[in-house]
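Chemist:
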Amino acid sequence: MKLKILEKLRKIAKSKIGDNWVGIESWSYDRNWHVKCIIYQEDEMRPCKVELIIKDEVSIKKLENLKRVPMHVVYVDSALKELENADHLIKNSEFESALKSL
């Protein structure tokens, strides 16, 4: 259940923020989703932390600039990417490749 929610939140964040690298640091729900993300684009900007507030619409609030991306954010993002790739392979009936990707 939490994994499905995390995947949906990541898709919303990526669709709202664009082509930048987006990693979810934390999330909570209190009448609305509050998702703290780290965004980074390799040659153009330093990493920064933003908060997405998901109501009827999604709003973005910049929280702070960072010197580096925390490793736990990188690990979570990498795991979600691999699950997304495996899901795509399963939908295309490439079961052996999906197992290898995990």
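Residue numbers (the numbering used here): 203 to 304. Note that CB positions come from ideal geometry on N, CA and C, so glycine has one too.
(1) Quick one: Cα of Gly220 to Cα of Leu282, how far?
(2) Could you tell me the alpha carbon to alpha carbon distance between Lys251 and Leu291, rounded to whole angstroms?
(3) What would DSSP say about Val278, mapped onto helix, strand or coil?
(4) Is it the case that the Cβ atoms of Leu265 and Glu284 are separated by a distance below 8 angstroms?
(5) DSSP state of Glu266, grouped into three classes?
Modeler: Inspection of the coordinates gives the following:
(1) On the sequence shown, residue 220 is found 18 positions in, with the first residue counted as 1. On the sequence shown, residue 282 is found 80 positions in, with the first residue counted as 1. Each residue's Cα considered, the two are about 17 angstroms apart.
(2) Here the question's residue 251 lines up with position 49 in the sequence shown. Here the question's residue 291 lines up with position 89 in the sequence shown. Approximately 32 angstroms between the Cα atoms of the pair.
(3) Numbered from 1 along the sequence shown, position 76 holds the residue referred to as residue 278. Val278: helix per DSSP, three-state reduction.
(4) Numbered from its first residue, the sequence shown carries residue 265 at position 63. Numbered from its first residue, the sequence shown carries residue 284 at position 82. Going by C-beta atoms, Leu265 is not nearer than 8 angstroms to Glu284.
(5) For the purposes of this step, residue 266 is identified with residue 64 of the sequence shown, where counting begins at 1. Three-state result, Glu266: strand.
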